[in-house]
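S.K.:
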Amino acid sequence: MSHVSLKNLKKSYDGKTDVLAGINLEIEDGEFVVLVGPSGCGKSTLLRMLSGLEEISGGDLEIDHARVNDLAPAQRGIAMVFQSYALYPHMNVYKNMAFGLKIQGAGKDEIDRRIRHAASILKIDHLLTRLPRELSGGQRQRVAIGRAIVREPKLFLFDEPLSNLDAALRVQTRLEIAKLHRDLNATIVYVTHDQVEAMTLGDKIVVMHDGHIQQAGTPLELYQRPANLFVATFIGSPRMNLLEGVVSDTGAQGMTVTLAGGQTLHSEVDGTRAAVGDRVTVGIRAEHLWENHDGSERFAGTVNLVEHLGEANYLYVTLSSGQDIVVRGNGEREVALGQAIKVSAPAASFHVFDRDGLAFTRLKPGNLRSSKG
Amino acid sequence: MKKPFPWHIVVFLAPAFLVYAIFSAFPLIDTLRLGFYTTTDTNQQLFSGLANYYTLMVDPHWSEGFWNAMRNNVKFFLVHMLIQNPIGLLLAALLSMRGVRGAKAYQTLIFLPTLLSVVIIGFVWQLILSPLWGVAETLLGYVGLAEHFQPWLGDESTALFTLSLMSVWQFVGIPMMLIYAALIAIPDEIIEAAVVEGASAWRIFWTIRVPLILPTLGLTTILTFVGNFNAFDLIYSVKGALAGPGYSTDILGTYFYRAFFGYQSQLGSPTLGAAVATMMFLVILVGVGLYFFFVQRKLQRFSF
Amino acid sequence: MQHKVTRFAGSTFTQVILAGYTVLALFPIVLIVINAFKSRAAIFDSPLALPNSESWSLIGFEKAMKNAHFFNFFGNSAIVTVTSLVLILFFGAMAAWALSEYKFRGNRWLMAFFAFGIMVPIRLGTVSILKIMVSLELVNTLTALILVYVAQGLPLAIMILSEFMQQIPKELKEAARCDGVGEFKIFFQVILPLIRPAVATVAVFTMVPIWNDLWFPLILAPGEETQTITLGVQQFIGQYATDWNAVLASLSLAVLPVLVLYMFFSRQLIRGITAGAVK
Chain A
1 MSHVSLKNLK
11 KSYDGKTDVL
21 AGINLEIEDG
31 EFVVLVGPSG
41 CGKSTLLRML
51 SGLEEISGGD
61 LEIDHARVND
71 LAPAQRGIAM
81 VFQSYALYPH
91 MNVYKNMAFG
101 LKIQGAGKDE
111 IDRRIRHAAS
121 ILKIDHLLTR
131 LPRELSGGQR
141 QRVAIGRAIV
151 REPKLFLFDE
161 PLSNLDAALR
171 VQTRLEIAKL
181 HRDLNATIVY
191 VTHDQVEAMT
201 LGDKIVVMHD
211 GHIQQAGTPL
221 ELYQRPANLF
231 VATFIGSPRM
241 NLLEGVVSDT
251 GAQGMTVTLA
261 GGQTLHSEVD
271 GTRAAVGDRV
281 TVGIRAEHLW
291 ENHDGSERFA
301 GTVNLVEHLG
311 EANYLYVTLS
321 SGQDIVVRGN
331 GEREVALGQA
341 IKVSAPAASF
351 HVFDRDGLAF
361 TRLKPGNLRS
371 SKG
Chain B
1 MKKPFPWHIV
11 VFLAPAFLVY
21 AIFSAFPLID
31 TLRLGFYTTT
41 DTNQQLFSGL
51 ANYYTLMVDP
61 HWSEGFWNAM
71 RNNVKFFLVH
81 MLIQNPIGLL
91 LAALLSMRGV
101 RGAKAYQTLI
111 FLPTLLSVVI
121 IGFVWQLILS
131 PLWGVAETLL
141 GYVGLAEHFQ
151 PWLGDESTAL
161 FTLSLMSVWQ
171 FVGIPMMLIY
181 AALIAIPDEI
191 IEAAVVEGAS
201 AWRIFWTIRV
211 PLILPTLGLT
221 TILTFVGNFN
231 AFDLIYSVKG
241 ALAGPGYSTD
251 ILGTYFYRAF
261 FGYQSQLGSP
271 TLGAAVATMM
281 FLVILVGVGL
291 YFFFVQRKLQ
301 RFSF
Chain C
1 MQHKVTRFAG
11 STFTQVILAG
21 YTVLALFPIV
31 LIVINAFKSR
41 AAIFDSPLAL
51 PNSESWSLIG
61 FEKAMKNAHF
71 FNFFGNSAIV
81 TVTSLVLILF
91 FGAMAAWALS
101 EYKFRGNRWL
111 MAFFAFGIMV
121 PIRLGTVSIL
131 KIMVSLELVN
141 TLTALILVYV
151 AQGLPLAIMI
161 LSEFMQQIPK
171 ELKEAARCDG
181 VGEFKIFFQV
191 ILPLIRPAVA
201 TVAVFTMVPI
211 WNDLWFPLIL
221 APGEETQTIT
231 LGVQQFIGQY
241 ATDWNAVLAS
251 LSLAVLPVLV
261 LYMFFSRQLI
271 RGITAGAVK
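Residue numbers (full-length UniProt numbering), protein chains in the order written: chain A, 1 to 373; chain B, 1 to 304; chain C, 1 to 279.
#1: Using CA atoms only, rank isn't needed, just tell me which of Pro270/B, Gly262/B, Pro175/B and Thr278/B is closest to Ile87/B.
#2: If I measure Cβ to Cβ from Met1/C and keep anything under 7 Å in the same chain, skipping five residues before and after, which residues do I get?
#3: Run through the DSSP bridge pairs and tell me what residue 376/A is partnered with.
#4: In chain order, what residues of the same chain lie with their CB nearer than 7 Å to the CB of residue 313/B, ignoring the 5 residues before and after it?
#5: Using a beta-carbon distance cut-off of less than 9 Å, what residues from the region 49 to 64 of chain A approach chain B?
#6: In three-state terms, what does DSSP make of Leu87/A?
#7: Near Val118/B, what residues of its chain come up, given a Cβ to Cβ distance below 6 Å and the 5 sequence neighbours on each side ignored?
#8: How would you label Trp206/B, buried or exposed, when you count the other beta carbons within 10 angstroms and need 16 or more for buried?
#9: Cα-Cα, which of Val202/C, Thr228/C, Ser100/C and Pro257/C is closest to Leu269/C?
#10: Look up Ile325/A in the DSSP assignment and say whether it is helix, strand or coil.
#11: Is any beta-carbon of chain B found at less than 8 Å from that of Met65/C?
#12: Taking C-beta to C-beta, are Ile124/A and Gln139/A nearer than 8 Å?
#13: Give the residues of chain C in contact with Gln37/B, contact being defined as C-beta atoms less than 9 Å apart.
#14: Would you report the Cα separation of Gln152/C and Leu127/A, rounded to the nearest angstrom?
#15: Along chain A, which residues have their Cβ under 8 Å away from the Cβ of Gly198/B?
#16: If you follow the beta strand (DSSP E) that Val233/C is part of, which residue opens it and which one closes it?
#17: Would you mind sorting Gln166/C into buried or exposed? The rule is 16 or more other CB atoms within 10 Å of its CB.
#18: Shortest alpha-carbon distance to Leu319/A belongs to which of Glu291/A, Asn96/A, Gly331/A and Gly202/A?
#19: Assign Glu147/B to one of two classes, buried (16 or more other C-beta atoms within 10 Å of its C-beta) or exposed (fewer than that).
#20: Looking only at DSSP bridge pairs, what is Ser56/C linked to?
#21: Tell me the rounded alpha-carbon separation between Tyr13/A and Gly52/A.
#22: Exposed or buried, what is Asn35/C when buried is set at 16 or more other beta-carbons lying within 10 Å of its beta-carbon?
#23: In chain order, what are the residue ranges of uninterrupted alpha helix (DSSP H) at least 4 long that sit wholly in the region 189 to 215 of chain B?
#24: Cβ closer than 8 Å: which chain A residues qualify as neighbours of Pro187/B?
#25: Along the chain, where does the alpha helix (DSSP H) that runs through Phe161/B open and close?
#26: Rounded to whole angstroms, how far is the Cβ of Gln170/B from the Cβ of Ile121/B, which I believe are closer than 8 Å?
#27: Can you say whether Val5/C is buried or exposed, counting buried as having 16 or more other CB atoms within 10 angstroms of its CB?
#28: Going by beta-carbon coordinates alone, are Ala14/B and Asp250/B separated by less than 8 Å?
#29: Excluding the five sequence neighbours on either side, which residues of its own chain have a C-beta within less than 8 Å of the C-beta of Thr45/A, listed in chain order?
#30: Counting along the chain, where does the alpha helix (DSSP H) carrying Leu265/A start and finish?
#31: Below 9 Å on C-beta distance, what does Arg123/C contact in chain B?
#32: Along the region 75 to 109 of chain C, where does the CB come closer than 7 Å to a CB of chain B? Name the residues.
#33: List the residues that DSSP assigns as beta-bridge partners of Glu101/C.
#34: From this set, Arg151/A, Arg147/A, Ala198/A and Gly146/A, which residue's C-alpha is nearest Val171/A's C-alpha?
#35: Cβ closer than 7 Å: which chain C residues qualify as neighbours of Pro27/B?
#36: Quick one: Cα of Ser344/A to Cα of Phe299/A, how far?
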């Protein structure tokens with residue numbers, strides 16, 4: 001059993017400005033938690049505080065209900081996989097994996113047993129006598145993970161472990177990490193700046209920005225109910241379309257917004273805390289917009305640019321109001337540049353954010369695509 | 001179509017090649033050749049096979065001095081290896097630690113003496129150690145060791161060691177900088193990985209950092225070796241060409257100078273000098289050869 | 001908080017060692033300079049004291065300036081060092097360019113030929129160098145020193161510069177060649193301006209040994225007119241060994257230019273050494 005709890009964790013280098021301002025987070029046993037955010041958001045600092053490499057300026061860090069703030073990294077029962085793998089260049093794979101165990105004072109047989117076991121899980125049995133420079137990037141990555149596994153830690157920490165791999169290998173390794181998590185039933189904290197990695201791997205995703213947790217939740221929660229504009233635009237590709245508007249009617253069952261171009265649209269959000277005349281931002285994901293279809297709301301514009309992805313295409317459309325939006329279209333249909341287009345979206349698909357960027361609760365965030373037919 | 005002759009390559013290479021060939025490579029080869037000749041009283045040079053080497057190694061008049069210089073030179077080198085390079089390693093290790101206040105300033109100041117002329121350094125220490133001035137004695141007095149003061153430079157048993165330490169004092173900055181550069185080139189993440197695995201600072205130093213800078217330690221060794229077996233200036237400026245007292249500070253460089261130019265009533269001879277230079281060349285060649293075939297080959301450079 | 005305590009102890013230990021060694025490194029130099037400004041009596045009475053109004057004296061400097069051709073020596077050293085450095089950089093860059101850019105037969109042999117000079121000290125060829133200089137009638141000229149120093153500095157310069165030139169992107173030269181620019185123009189107008197960062201490294205490794213050399217000035221140019229500062233100081237102190245004022249003053253005069261230059265350039269210099277050493 002391992003349970004990690006972060007209580008009001010703070011980090012400050014000069015005692016005045018906080019790099020991390022009071023982080024609260026519970027990590028359950030066996031959970032795969034992904035810290036995601038743009039560079040400089042504090043996610044790596046937080047991970048390094050968990051590992052003990054970075055001092056904790058304030059708050060409590062508890063592993064299995066024991067405060068570990070002042071414990072050295074090795075005493076916390078953690079193992080870390082670094083971005084550059086950080087394999088010891090002068091030791092072969094076996095020695096790399098044995099180094100930490102030797103320091104712990106494990107017996108020769110025990111060390112050997114653990115290394116053989118980890119190597120067979122990771123399929124690196126045949127590489128044990130090689131030096132790191134004789135390995136490919138993917139193999140080094142496995143050794144780095146193997147070095148973590150043999151320690152049998154309570155908590156695995158991964159610091160952007162895939163960012164040094166090429167695209168194809170990244171997808172493959174991602175799958176392997178997911179499988180490893182399942183097989184070992186390990187508790188993992190994983191840092192990345194890539195939202196696709198975060199969505200595919202995490203049981204729980206923690207979106208960070210400017211030293212604050214913006215939102216923590218399952219991948220689907222973040223996608224369907226982003227708590228604020230930052231999360232809404234950070235999660236999902238292409239980026240969510242945003243349109244400025246003013247509330248013209250509002251209530252518990254929905255909100256009507258008049259957009260800058262004079263057009264009104266109805267959205268199914270709980271608008272009780274809004275008042276008529278409030279400025280709001282409406283968000284629509286490209287995949288919830290479609291062309292030439294009778295929907296409850298309709299936009300007209302011309303196509304500027306088409307990106308073909310195969311199964312779909314992204315149409316960059318300039319609305320008659322002058323706003324630019326992206327529409328996900330049927331990939332196998334030819335669209336001409338400059339072509340006039342009408343796009344629609346169901347009222348349930350709209351996200352609405354107040355002036356501070358906080359989201360109004362969506363009433364029916366269910367599966368919109370099945371109704372697309 | 002025939003390619004035109006690449007004149008531009010010739011033009012690019014010619015100046016460097018000519019200067020280097022005429023004033024460095026040729027003289028060296030010519031010196032090796034001259035070692036096989038002897039100079040007559042009428043200043044003619046005659047081929048005489050290994051006569052000079054026989055003189056150097058067996059003829060008591062010269063060989064005693066030669067072997068003495070060789071022994072002293074080995075001692076001179078050992079002092080550098082056992083004192084200069086470990087101190088350089090220690091200073092570099094401390095400087096490369098994270099968050100050491102004033103590391104840049106220390107580095108700059110400790111390196112300063114290496115830039116000064118050996119002649120100046122020699123005189124400066126000569127003055128400080130002079131019993132006439134008494135600075136060294138006064139300083140020892142502060143720590144209650146005044147009675148241990150001796151005119152170290154004047155004593156046959158201590159002069160060479162004292163001169164070696166002066167040289168160590170001056171040049172410790174070089175191993176320090178080389179090792180420092182190698183240490184900071186080790187990525188932080190490798191050290192952090194070891195920290196996370198529970199290795200102490202001491203253990204990290206000996207099992208991770210030192211093995212990773214072995215190539216640099218090898219380089220430092222060979223540079224020290226070549227520099228020491230080629231040394232001359234310090235001994236000459238402090239002790240003159242006679243390397244007193246009683247030749248106790250004579251090394252190959254000063255011996256070479258005397259063999260070439262003579263001293264007191266002894267006439268020098270260019271050809272005998274050439275033979276000494278050849279011997280020095282062989283010593284250095286053996287050292288460099290050992291370095292390349294054993295050290296360099298075994299120690300692969302680690303790319304991080 | 002236990003590891004905080006050990007960390008503090010560790011940093012105190014570090015500071016003590018580093019500061020201690022720094023004092024050891026500077027003490028002799030400081031001692032010489034402060035005593036150079038004292039009267040003879042004060043030098044012996046209280047060598048560790050700073051000069052004050054009572055002990056202040058410039059007599060040593062007056063003697064040193066009068067008796068020796070310090071400015072002349074200094075000028076000789078400057079001419080020899082700067083000329084050698086310019087030639088080393090120029091010839092070295094050309095050769096490094098040829099060796100790193102063009103594939104031709106004997107390229108590797110030439111590289112090895114030059115590399116040999118890095119490890120084998122040029123001093124060992126002194127007997128023959130003197131013979132050559134005598135036959136060229138260059139003994140007691142600065143030219144002799146410059147020629148030898150250029151030969152001495154070239155191997156390392158070629159090594160550092162060619163390593164640096166290999167990192168210049170291929171596209172740059174290829175773009176120039178596509179535009180029909182000649183090989184000489186490429187070297188002078190594209191490559192030379194780009195190697196400026198490596199110049200600092202080369203300068204560090206070649207200038208200091210030239211400025212401080214005693215051996216070749218002693219053998220090739222010992223005449224009064226052509227003495228370099230290093231040889232001049234050595235000879236002067238030899239003559240006035242018992243005149244402490246003059247000795248201390250002349251040592252200070254010899255140290256000061258280096259100190260001043262080091263104050264201005266220490267950062268570039270140390271960066272140059274560190275960059276060169278990592279290779």
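Ideal Cβ positions, reconstructed from N, Cα and C, are used throughout, including at glycine.
M.R.: Reading it off the structure:
#1: Start at 1 with the first residue of the second sequence, and residue 87/B comes out as number 87. Measuring from the Cα of Ile87/B, the nearest candidate turns out to be Pro175/B.
#2: Here residue 1/C corresponds to residue number 1 of the third sequence, with the count starting at 1. Any reading at Met1/C is ruled out, since the residue's pLDDT is 38, under 50, leaving its predicted position unreliable.
#3: For chain A, the structure presents residues 1 to 373; residue 376/A sits outside this window and is missing.
#4: Lying outside 1 to 304, the shown extent of chain B, residue 313/B is not represented and no answer is given.
#5: Ser51, Gly52 and Leu53
#6: The count along the first sequence starts at 1 and reaches residue 87/A at position 87. In this structure, Leu87/A counts as coil in the three-state DSSP scheme.
#7: Counting from 1 along the second sequence, the entry for residue 118/B is found at position 118. Result list for Val118/B: Asp233 and Leu234, in chain order.
#8: Indexing the second sequence from 1 puts residue 206/B at position 206. Exposed.
#9: Counting from 1 along the third sequence, the entry for residue 269/C is found at position 269. Closest by alpha carbon: Val202/C.
#10: For the purposes of this step, residue 325/A is taken as residue 325 along the first sequence, with counting starting at 1. Three-state result, Ile325/A: strand.
#11: Here the question's residue 65/C lines up with position 65 in the third sequence. For Met65/C, the answer is no, since every Cβ of chain B falls outside 8 Å of its Cβ.
#12: The count along the first sequence starts at 1 and reaches residue 124/A at position 124. The count along the first sequence starts at 1 and reaches residue 139/A at position 139. It is a contact, given that the beta carbons lie within the stated cut-off.
#13: If you number the second sequence from 1, residue 37/B lands on position 37. Sequence check: residue 37/B is Tyr here, not Gln. Going along chain C, no residue has its Cβ under 9 Å from Tyr37/B, so there is no contact; the nearest lies around 11 Å.
#14: Position 152 of the third sequence, counted from the first residue, corresponds to residue 152/C. Position 127 of the first sequence, counted from the first residue, corresponds to residue 127/A. Answer to the nearest angstrom: the Cα atoms are 48 Å apart.
#15: Numbered from its first residue, the second sequence carries residue 198/B at position 198. Ordered by position in chain A, the residues that pass the 8 Å Cβ test against Gly198/B are Ala72, Pro73, Ala74, Gln75, Gly100, Ile103 and Gln104.
#16: Within the third sequence, residue 233/C is the residue found at index 233, counting from 1. Element bounds for Val233/C: not the beta strand (DSSP E) but the alpha helix (DSSP H), Ile229 to Gln239.
#17: Here residue 166/C refers to the residue found at position 166 when the third sequence is read from its first residue. Exposed, since its Cβ has fewer than 16 Cβ neighbours within 10 Å.
#18: To locate residue 319/A, count along the first sequence from 1; it is residue 319. Measuring from the Cα of Leu319/A, the nearest candidate turns out to be Glu291/A.
#19: Locating residue 147/B in the second sequence gives position 147, counting from the first residue. By the neighbour-count rule (16 or more Cβ atoms within 10 Å), Glu147/B is not buried but exposed.
#20: The count along the third sequence starts at 1 and reaches residue 56/C at position 56. For the record, residue 56/C in the displayed sequence is Trp; it is not Ser. Partner(s): Lys38/C.
#21: Here the question's residue 13/A lines up with position 13 in the first sequence. Here the question's residue 52/A lines up with position 52 in the first sequence. For Tyr13/A and Gly52/A, the distance between alpha carbons rounds to 15 Å.
#22: Stepping through the third sequence from its first residue, residue 35/C is reached at position 35. Burial call: buried.
#23: 201 to 204
#24: Working through the second sequence from its first residue, we reach residue 187/B at position 187. Those within 8 Å of Pro187/B in chain A are Ser84 and Ala86.
#25: Along the second sequence, one-based indexing puts residue 161/B at 161. Per DSSP, Phe161/B belongs to the alpha helix (DSSP H) from Ala159 to Phe171.
#26: Residue mapping note: residue 170/B aligns to position 170 of the second sequence, counting from 1. Residue mapping note: residue 121/B aligns to position 121 of the second sequence, counting from 1. At roughly 5 Å, the Cβ-Cβ gap stays under 8 Å, so Gln170/B and Ile121/B are in contact.
#27: Taking the third sequence and counting its residues from 1, one reaches residue 5/C at position 5. The pLDDT assigned to Val5/C is 47, lower than 50, so where the model puts this residue is not dependable, and the model offers no usable value.
#28: In the second sequence, counting from the first residue as 1, residue 14/B sits at position 14. In the second sequence, counting from the first residue as 1, residue 250/B sits at position 250. In this structure, Asp250/B does not lie closer than 8 Å to Ala14/B by Cβ.
#29: Taking the first sequence and counting its residues from 1, one reaches residue 45/A at position 45. Closer than 8 Å at Cβ, skipping near neighbours: Lys11, Val19, Leu20 and Glu54.
#30: Position 265 of the first sequence holds residue 265/A. Counting along the chain, Leu265/A falls outside any alpha helix (DSSP H), though it belongs to the beta strand (DSSP E) covering Thr264 to Ser267.
#31: In the third sequence, the residue the question calls residue 123/C occupies position 123. Correct list: Asn230, Phe232, Gly253, Phe256, Ala277 and Met280.
#32: Phe91, Gly92, Met94, Ala95, Trp97, Ala98, Tyr102 and Phe104
#33: Position 101 of the third sequence, counting from 1, holds the residue named residue 101/C. For Glu101/C, which the question treats as bridged, DSSP gives no partner whatsoever.
#34: Position 171 of the first sequence, counted from the start, is the residue given in the question as residue 171/A. Cα-wise, what sits closest to Val171/A is Ala198/A.
#35: For the purposes of this step, residue 27/B is identified with residue 27 of the second sequence, where counting begins at 1. Near Pro27/B (Cβ distances below 7 Å), the residues of chain C are Gly125, Ser128, Ile129 and Ile132.
#36: As a working mapping, residue 344/A is identified with position 344 in the first sequence. As a working mapping, residue 299/A is identified with position 299 in the first sequence. Taking the straight line joining both Cα atoms gives about 6 Å.
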